[in-house]
Amino acid sequence: MSALIDLLICYDVSTETPAGVRRLRRVAKVCVAHGQRVQNSVFEISVTDVQLLALREKLLTEMDVTEDSIRIYRLRQPRDKFVDAFGHDQYRDLSAPLIL
173 MSALIDLLIC
183 YDVSTETPAG
193 VRRLRRVAKV
203 CVAHGQRVQN
213 SVFEISVTDV
223 QLLALREKLL
233 TEMDVTEDSI
243 RIYRLRQPRD
253 KFVDAFGHDQ
263 YRDLSAPLIL
(Lines of atoms letter the chains of each structure in order from A and count residues from 1; the text may use other names and numbers.)
(Lines give C-alpha, C1' and ligand atoms only; values in the text may rest on other atoms or scores of the structure.)
Protein backbone atom coordinates (compact mmCIF):
# COMPACT_ATOMS: atom_id res chain seq x y z
CA MET A 1 0.00 0.00 0.00
CA SER A 2 1.25 3.50 -0.80
CA ALA A 3 2.11 5.93 1.94
CA LEU A 4 -0.38 8.69 2.61
CA ILE A 5 0.43 12.27 1.67
CA ASP A 6 -1.04 14.97 3.90
CA LEU A 7 -2.29 17.97 1.91
CA LEU A 8 -3.76 21.36 2.56
CA ILE A 9 -6.15 22.46 -0.18
CA CYS A 10 -7.26 26.10 -0.38
CA TYR A 11 -9.58 27.51 -2.99
CA ASP A 12 -11.09 30.77 -4.07
CA VAL A 13 -14.01 30.33 -6.44
CA SER A 14 -15.67 33.38 -7.98
CA THR A 15 -19.30 33.50 -6.85
CA GLU A 16 -20.39 36.57 -8.79
CA THR A 17 -22.60 34.45 -11.04
CA PRO A 18 -24.96 31.51 -10.40
CA ALA A 19 -22.49 29.29 -12.28
CA GLY A 20 -19.77 30.36 -9.85
CA VAL A 21 -21.93 29.49 -6.86
CA ARG A 22 -22.49 26.02 -8.38
CA ARG A 23 -18.72 25.61 -8.97
CA LEU A 24 -18.05 26.57 -5.35
CA ARG A 25 -20.41 23.85 -4.12
CA ARG A 26 -18.92 21.25 -6.49
CA VAL A 27 -15.32 22.06 -5.49
CA ALA A 28 -16.27 21.82 -1.82
CA LYS A 29 -17.99 18.45 -2.41
CA VAL A 30 -14.86 17.06 -4.04
CA CYS A 31 -12.79 18.18 -1.06
CA VAL A 32 -15.29 16.86 1.51
CA ALA A 33 -15.18 13.47 -0.22
CA HIS A 34 -11.42 13.28 0.35
CA GLY A 35 -10.80 14.99 3.70
CA GLN A 36 -12.08 17.44 6.25
CA ARG A 37 -12.86 21.12 6.23
CA VAL A 38 -10.71 23.12 8.65
CA GLN A 39 -11.86 26.57 7.50
CA ASN A 40 -14.45 27.77 4.98
CA SER A 41 -12.36 27.15 1.86
CA VAL A 42 -9.53 25.12 3.40
CA PHE A 43 -9.33 21.35 3.70
CA GLU A 44 -6.83 18.90 5.18
CA ILE A 45 -6.68 15.74 3.13
CA SER A 46 -4.67 12.50 3.30
CA VAL A 47 -4.33 10.60 0.02
CA THR A 48 -2.06 8.19 -1.82
CA ASP A 49 -0.19 9.25 -4.96
CA VAL A 50 -2.88 7.68 -7.14
CA GLN A 51 -5.69 9.33 -5.18
CA LEU A 52 -3.90 12.68 -5.50
CA LEU A 53 -3.88 12.39 -9.28
CA ALA A 54 -7.61 11.64 -9.30
CA LEU A 55 -8.31 14.49 -6.85
CA ARG A 56 -6.41 16.98 -9.00
CA GLU A 57 -8.32 15.85 -12.08
CA LYS A 58 -11.69 16.25 -10.32
CA LEU A 59 -10.79 19.72 -9.05
CA LEU A 60 -9.58 20.84 -12.47
CA THR A 61 -12.82 19.56 -13.99
CA GLU A 62 -14.95 21.56 -11.54
CA MET A 63 -13.06 24.88 -11.57
CA ASP A 64 -12.96 27.66 -14.14
CA VAL A 65 -9.24 28.36 -14.60
CA THR A 66 -9.98 31.89 -15.81
CA GLU A 67 -11.88 32.88 -12.64
CA ASP A 68 -11.01 30.47 -9.81
CA SER A 69 -7.90 29.50 -7.88
CA ILE A 70 -7.03 26.25 -6.15
CA ARG A 71 -3.79 25.60 -4.24
CA ILE A 72 -2.58 22.22 -3.04
CA TYR A 73 0.15 22.25 -0.40
CA ARG A 74 1.96 19.13 0.80
CA LEU A 75 2.25 19.17 4.58
CA ARG A 76 5.49 18.12 6.21
CA GLN A 77 5.43 14.93 8.22
CA PRO A 78 4.51 14.35 10.96
CA ARG A 79 1.61 16.77 10.67
CA ASP A 80 1.32 17.36 14.42
CA LYS A 81 4.91 18.62 14.57
CA PHE A 82 4.48 21.20 11.79
CA VAL A 83 0.90 22.48 12.12
CA ASP A 84 -0.16 24.86 14.88
CA ALA A 85 -3.85 25.63 15.18
CA PHE A 86 -5.30 28.35 17.41
CA GLY A 87 -8.88 29.19 18.28
CA HIS A 88 -11.84 27.06 17.25
CA ASP A 89 -10.23 23.98 15.67
CA GLN A 90 -12.42 21.14 14.45
CA TYR A 91 -9.59 18.96 13.13
CA ARG A 92 -9.98 15.26 13.88
CA ASP A 93 -7.23 12.69 13.34
CA LEU A 94 -9.05 10.35 11.00
CA SER A 95 -6.31 7.73 11.25
CA ALA A 96 -6.84 7.34 15.01
CA PRO A 97 -9.29 4.78 16.43
CA LEU A 98 -12.84 6.11 16.60
CA ILE A 99 -13.56 4.32 19.88
CA LEU A 100 -11.17 4.66 22.82
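Throughout the sequence shown, residue numbering follows this note's numbering, covering 173 to 272 in sequence. Cβ atoms here follow ideal geometry from the backbone N, Cα and C, with glycine treated the same way. It should be emphasised that the depicted structure is a prediction, and the values quoted were computed from it without experimental measurement.
If you check the beta carbons only, do residue i and residue j fall under 8 Å apart?
| i | j | result |
| --- | --- | --- |
| Val-210 | Glu-216 | yes |
| Asp-184 | Ser-218 | no |
| Cys-203 | Ile-177 | no |
| Glu-239 | Ser-186 | yes |
CA-CA distance, residue i and residue j?
| i | j | result |
| --- | --- | --- |
| Ile-242 | Glu-188 | 17 Å |
| Arg-198 | Gly-207 | 14 Å |
| Asp-236 | Glu-229 | 13 Å |
| Gln-249 | Thr-220 | 14 Å |
| Leu-196 | Tyr-245 | 19 Å |
| Pro-190 | Gly-259 | 33 Å |
List the residues that DSSP assigns as beta-bridge partners of residue i.
| i | result |
| --- | --- |
| Val-214 | Cys-182 and Gln-211 |
| Val-202 | The partner list for Val-202 (beta bridge, DSSP) is empty, contrary to what the question assumes. |
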